[in-house]
Structures are given as structure tokens and as C-alpha cells.
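Going by the numbering used here, the first residue of the sequence shown is number 13, and it counts up by one from there. Below is one structure, written out as C-alpha cells; the observations come after it.
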Amino acid sequence: MSDFVRVARVSEILPGTGKEVTVGDRVLAVYNVDGNFHVVDGICPHAGGPLGEGGLHENIVTCPWHGWQFDVTTGQHCLTPQIRQECFVCRVEGDDLLVELPEM
Ligand code: FES
């Protein structure tokens, strides 16, 4: 069972930027890559850095704490194949960005 939950306004996440959002006890990172939205687990697996606050270049985010980089479209760490952030399905409805979350 899963639900789509509103997590942000589309208009507040411009192309080429990201945002950290909190839903319940989950921290998510939301990115706008050329008008397409992507959502990954917002906690960096290295040491807990805020991936939603990282700089976004095309589809690559750089963690602001120590520079680990991830492809936000897949969650894949750029250097280490074994590290992949959880990704979430999202959709746009009007100005709302909805994310599908497992049962909370
Ligand atoms: S916490 Fe993200 S690179 Fe260290």
C-alpha cells in the first residue's frame, strides 16, 4: 500500500535547483532537471548530509558536506556502483508536486 503525498509547490523549485522537504519522519530531496522532477532520499549515506541543499549541475547533485555526487534521476552514486539512494515516484498536479511513499 502506498500513497501520493503533496511535498512541494512546483513553482518554488526552478529548473536546475533542488529543495529539501520533510514528510513525516522522512527527509527527501526534490530536484528539477530541465522541467522534470526527481525525488531521492535526502540523507546522504556518507555522513547524513542534506542532499536537497547540494548544488545541482544538470542531473548531478553534489552533497554540500563532503562532495559525494549522485545522479538524481537514478539515485546512483557517481563513483561507487554499490551506493544508490532510494528514489521515489513523483507526479505533478497543477502546482503541486506529489510523491509516492510507502505506507507511513
Ligand atoms: S555527508 Fe554527504 S558527502 Fe559526506
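A virtual CB, placed ideally from N, CA and C, is assigned to each residue, including glycine. In this text the structure is predicted, and so the values were computed from the model without any measurement.
Here H69 is exposed. Its C-beta has fewer than 16 other C-beta atoms within 10 Å. The straight-line gap separating the alpha-carbon atoms of G67 and S14 is approximately 30 Å. In the three-state scheme derived from DSSP, where H, G and I count as helix and E and B as strand, V45 is classed as strand. Rounded to the nearest whole angstrom, the CA to CA distance from P27 to L91 is 25 Å. Straight through space, the alpha carbons of E98 and V35 are spaced by roughly 15 Å.
Collapsing the DSSP output to three states places L63 in a helix. Shortest Cα-Cα distance from P93 to any of D108, E65 and D83 involves D83. The C-beta distance from R96 to G87 rounds to 5 Å, short enough to fall under 8 Å.
One thing to note: V101 has its Cβ within 8 Å of the Cβ of E112.
Around the beta carbon of N48, fewer than 16 other beta carbons lie within 10 angstroms, which makes this residue exposed.
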